[in-house]
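Numbered according to our numbering, the sequence shown spans residues 1420 to 2664.
For every residue, glycine included, the Cβ atom is placed at its ideal position computed from N, Cα and C.
For clarity, every value in this text was computed on a predicted model and none was experimentally measured.
Here's the structure we're looking at; comments come further down.
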Amino acid sequence: MQVYLSANILNDPSVSTISYPAVNNVIAHFFPLRVQKIEEESIFEPRKKEDCKGFLRLLSHARPTYKDWKLSLSSIVPVLRPYQMDAVRFMISREVEPDLGYSSKDFFVQIPTNPPFYFALYTGAMFDSLPHPFEVPPGGILADEMGLGKTVELLGLIMSHRRGDTPTTDPDPIVKRSVIAIVLEEIVSTVVAGLEANLPRGTMTRKRSWDLHYNEIEDESVKKRAKMSNSVNVVSTIKCLACGVTCSQAKVFWDRFDSSAIPFYCPNCVQKQESKKAIKATLVIAPSTICHQWYEEVKRHVRDDVSVDMYNGVAAEGYKHPEYLATRDIVICSFETLANEVYFIETNEKLGSLRSRKYLIPPTPLLSVEWWRVCVDEAQVIESRTSVVSEMCWRLQAVNRWCITGTPITDSVDNLFGLLCFIGVEPYCYSNWWNGALWLPYENGCSEPLVDLFSKIFWRNTKEDVIDQIAPPARGSEVTVLHFSPLEEQLYRETLDSRLHRSNAARMVSDFDDFPINEVHGKIFDAIMEPLEGIRKFIVQPGLRFAKTKQRVTSEEGMMEELFRITTHQIEESQRNILLYYNSLAGLDWLSGYINEAARRYENTLAALKLLDETNEKLGLTEKRGAFRKLRSDKLQVVHAMNSMIDLMKEGVEIRGIDLETAHVKLKEAEEGYTEQAISSVHSSHDAINEMKPQYSHTKTYMDNSIGWISEAMSTVERASLRHVFVDAIRGVLENNSRDDFPVHNALGVSLICVQRWDEMVACVKKTVELMCQLMAIGILDSPSEGLETIIACHYKSVETPKRNCDLCLFNKQRNLFESLMFVGTPPKKKFFDDEEETVEGTAGAKKASSLEIVLHTIRSMMVRNSGHFHRILLDGAKETESLIDLFKTILQKGKDLYGAYEDFAARTDELRQCKLRLEYASEEIIEQYGGMKDLPHNYIIKGSEEGTRRAHAQAVGTEELTQTRLLSKLRYVSTLRHSQRNDCPICLNRLGDAWLVFPCAHCMCTACFGALSKYSVSMSSVLKCPVCRSMTTRSSIAFVQNRGPSRSLHFLDSPSVVVKGDASVKLDAVIRRLLSIHERDPWAKTLVFTSIPSIIPVISGLLQENNIPYRNYSVGKRQVTLAEFRLDPKIQVLVMPINQGARGLNLTVANNIIFVEPQLDASQLAQAIGRIDRIGQTRRMMIHHFVVYGSIEEHIHHRITDPQNTEWTVGDLKRLLHTGAQYFDQALNNESTQAETNGTSTSA
């Protein structure tokens, strides 16, 4: 068989055939003794649930023994435990003897063709010769469980295996040390580490792009500036031996060490060198949250003077020369810094230029050296092979590579592939080899290849494995079950229902139901998680539901007020639609000649109006404004209905429920009510302008000359040699405000521009006031008013008339021009209307001061600062000018108010006229007059379309009436909660106790009677009748209500003497109560409060402050300072942390309590958070507090995540959690009502 191969794929192990099984089977057909046939069904079997913990146990059992390497631990302060020394010896073995015991022959088969070739068994790749031995670099994975001291183990490796040293074996590795000496060294090193850790180690501020250069340029302007400067600043420079460029020693860190005998090469020349400089340093890459902790740990645990460098990146602190890095023992870099270094990979000598000066931007020095060792802490971050951090980690050149993580497997053994890629273990670091040789066999039940590989490069101990060596203090866990308050229960039902309606996209992704949630991304992930996170957020703080209408609602009274306001608005919107449909149906009947039917429709309108009036009376709603105001019908719909009824009654048609006189009264009330606010605004605007007129008349006489002081002031500036001071100050403030419309060259030029713009502004003010007075004189409130008719015809008439030329339009043009001079925002725009007349728009509400105001304010401030050079008259003139600007702003605001009031009144007047029109048939002439059917007014209808419109509106009005009935029931229920009205049970006539049930019609009954009533209704969808009004309802819509007492009942861990201040939800009240109780029992106890909902952290912080609990918020400010204060200040009791920021890597053994505000979805994240306190160094008993609301989805999440056999969430699990949340809640409340019934029966017996 002749084989033809493309030359570019030969000897490349990363290349595989597109259809590996098919190629394999073809070769197996011809050479069955050398290649075994593959059954494709075995490859594409459905995915099985993985036992990740079992796999890790297999690795521990298969771990080979290692040599007793001699450890250099004398310089490490703490005494390493036996398991830690074993870990250090494992790492030394991996660095000294990295061979894994396999060769290329194990992966390839020679196929005896002519010519022969080598076939890769696991990828289908073909080679013309046996590939070279695969490279297995030194390194591995250190995966001890959280809190077992991986940092100390790594320090033991760093001190025991340095570059250039050859480790030896030690027959007697145990070295005894004095206990007193160990304690003293621990104390001294801890103090030193604390002091050094709080010292600044370089700036973290981002440099400007033109400050990133490392070369020094001397030209005439630079020399002139240096000569004019009062301070002499000599810059130490050095020249590159290769290209001759002059560099600043400070900018390349050349002056930070003894570099006198070292040849200097600039950063670009260093990067171009083929061989990288080999250095002794170990590079530690970690999340930014724990980089500072790494620095502290090194200083505390290492006795020798170890040089540690915190690398903050080229953009933050400049270029750290490789020769400088070579003097360091440990370099610490964050993932965020490493990701930013991707912008400094390639040399770009022309990256920045300014006035033909050439600036050289340095590349990152991290890629210019060969590190002795690179260690990635929290290595699960680089499990994704596509992230920028992963790419930068792979680019780093190092002899030894280590992954350090306490959670190497998040949800699948496949996570280990990313770590294997970083280490570079060939051939398994190629995806085709990983899949063919390791992953597919593991998926099909054969784990031996995978276990055999990782048992040699993977080290892990759990706390259970070394429990006899660490002797940890006791750890307890307590779940506090809470109950919603009645209002929270009502809000939870509504939130759950609304979120389910918003998760329609999640219902469409049934094909992904078996996928783990962490394998789903994009829109599908958002469609599932967004409603779930919204419900979880509400459970913790129901007031967050009103974030769009109110900044923050925390008290129950506030939530009640907001719920009442929203429900009132919904009822009024539904009422408006009902009136609209009835009026429309009546108009259609009238137009069709069915006058009596139209009268019946208007009777329905009267019934709808009466329903709202009766509801107001029953609920005692009498206020006109506020949250608990009375329900109002739409005034325009009422005007239309009453006007039409009057016309019908004049034609002799009888309408039951109203007479002609009453209809006139109601029509007048509706018209006056609709224009009442607009008329009040017009009067208020007139009064404000009349009050301002005397002040304006007084200032009008001198405002033209009020700027005259500036010319004399600028002359004084020139005479006093203050020109540079004033000009620089004006330029600076204009630059800070991003203004380029005010040229500044010299002081006299500034004064000329100020005078010119002031004259323009004064002329504009005078014209604006003149037009304002003309507008007030038109008598818009007169009856009749010619001015009002002109405004309506200009703005709202659809016939051809000259547009934008009435008094109101002329004033608006002038006002917008005035606003564009006073403020800066959106530049004045020019618009052309139908008549092609130019208008100028304002600043769209922007309130940034104009450049003229900024300059005048700056000049006055500088004059006050240098008041010895200026006459008092000049200072008073400048002050008077600023007061005039304030007056101009007042005039502008009064003008805006006047325009808004006039426009609103004209619009309302026109709307009242339009709503009195009746439906008419549109003739061809009318259609032609309006330019087609698209622009026809709403009171015209095409003949023949009546029936379709009638059917649609009749169906819509029925739907709206059902909606309004439900909303009115809800309002009655909320009103009952508000007044805490508990009456007698209508069946047994006993007083309602601490628990009862409420029907949607707002009638209540006791739990015992409800149990008897619902004995034969098993499902939540069963239909029941209210025993009072006989209205039908489903069982799931009946609310179970408890008094506030049981929902706030004390847990045995809570102190009865604790009083929680402030209004909080049930959940947050319990959290604050627990914190106060912990402090009462142990004043020195510290607590971590974890939450996965960032939006509730400000609420928690406010409650902590209100209850005088000293705390720190990890999500704001400098985290380094926050952690230091929490650790060192005994008064700080609480640290509030987002779980995604503070749950990994941090050592917080100073705390011994953890509170989880809500159950977590990720079991590994939960374990990581607990690991912040449950680690070596903890000496006190630990307590973990969970808070779960009974019957909510929180209870289901908590049960699921605490089940060790069922912690992986799939898409289907979360969808079922959402869709069964309501039934789960109702079932829980039903169980509680049954329990209450049983207790009541026992009591009566």
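Alpha-carbon spacing of residue i relative to residue j, whole angstroms
i       : j       : result
Leu2229 : Glu2299 : 31 Å
Pro1497 : Glu1516 : 28 Å
Thr2094 : Ile2199 : 13 Å
Asp1833 : Glu1802 : 9 Å
Asp1830 : Phe2047 : 52 Å
Met1623 : Asp1470 : Confidence at Met1623 is low in this model, with a pLDDT of 39, below 50, so the placement of that residue should be treated as unreliable; the coordinate-derived value is given next. Their backbone Cα atoms lie some 44 Å apart in a straight line.
Arg2391 : His2615 : 32 Å
Glu2366 : Val2072 : 23 Å
Arg2051 : Val2058 : 13 Å
Arg2279 : Leu2554 : 47 Å
Glu2667 : Phe2575 : For the chain, the structure presents residues 1420 to 2664; residue 2667 sits outside this window and is missing.
Gly1843 : Trp1821 : 11 Å
Asp2159 : Arg2176 : 15 Å
Phe1944 : Val1808 : 23 Å
Gln2579 : Leu1574 : 33 Å
Gly2076 : Leu2025 : 7 Å
Ile2108 : Phe2237 : 17 Å
Tyr1730 : Thr1824 : 21 Å
Ser1753 : Ile2558 : 19 Å
Leu2293 : Ser2116 : 24 Å
Sub-8 Å separation of residue i and residue j beta-carbons
i       : j       : result
Pro1950 : Glu1907 : no
His2357 : Tyr2000 : no
Glu2544 : Arg2531 : yes
Asn2165 : Arg2138 : no
Ser2104 : Ala2320 : yes
Proximity test, residue i beta-carbon vs the ligand GDP heavy atom, cut-off 7 Å
i       : result
Ile1511 : Here there are no bound small molecules, and the ligand GDP is not part of this structure.
Assigned exposure category for residue i - 16 Cβ within 10 Å defines buried
i       : result
Met2241 : buried
Ser2269 : buried
Asn1996 : buried
Glu1554 : exposed
Cys1848 : buried
Glu2613 : buried
Met2451 : exposed
Asn2231 : buried
Trp2503 : exposed
Phe2429 : buried
Pro1686 : buried
Tyr2340 : exposed
Thr1587 : exposed
Given residue i as reference, the closest of the options once Cα atoms are compared
i       : options                               : result
His1551 : Arg2142, Phe1527 and Ser1806          : Phe1527
Ala2018 : Met2064, Met2601 and Ser2534          : Met2064
Leu1744 : Lys1699, Glu2036 and Thr1570          : Lys1699
Tyr2121 : Leu2303, Ala2089 and Tyr2215          : Leu2303
Pro1556 : Ser1479, Glu1755, Arg1792 and Gln1455 : Arg1792
Ser1993 : Arg1581, Leu2542, Ser2496 and Leu2387 : Leu2387
Ser1548 : Ile2620, Lys1524 and Lys2119          : Lys1524
Glu2189 : Val2152, Leu2227 and Trp1858          : Leu2227
Gly2521 : Leu2487, Arg2493 and Met1578          : Leu2487
Glu2515 : Lys1956, Thr2081 and Glu1845          : Note on identity: in this sequence residue 2515 is Ile, with Glu being the wrong assignment. For Ile2515, the nearest C-alpha among the options comes from Lys1956.
Neighbour flag for residue i against chain D, beta carbons, 8 Å
i       : result
Phe1536 : Included in the structure is just one protein chain, with no chain D present.
Taking only runs of the alpha helix (DSSP H) that begin and end inside the segment 1780-1817, which ones reach a length of at least 4 residues, in chain order? 1807-1814
Enumerated in chain order, which unbroken segments of the alpha helix (DSSP H) with a length of 4 residues or greater are wholly contained in the segment 2042-2099? 2054-2069
Sequence ranges, alpha helix (DSSP H) only - wholly within the segment 1832-1906, length at least 4: 1835-1842, 1859-1862, 1867-1876 and 1886-1889
Please go through the segment 2549-2610 and give each complete alpha helix (DSSP H) segment of 4 or more residues, from N-terminal end onward. 2558-2561 and 2582-2589
Segments of 4+ residues assigned as alpha helix (DSSP H) that fall wholly inside the segment 2337-2377: 2343-2348
Segments assigned alpha helix (DSSP H), at least 4 residues, entirely inside the segment 1646-1722: 1686-1691 and 1707-1720
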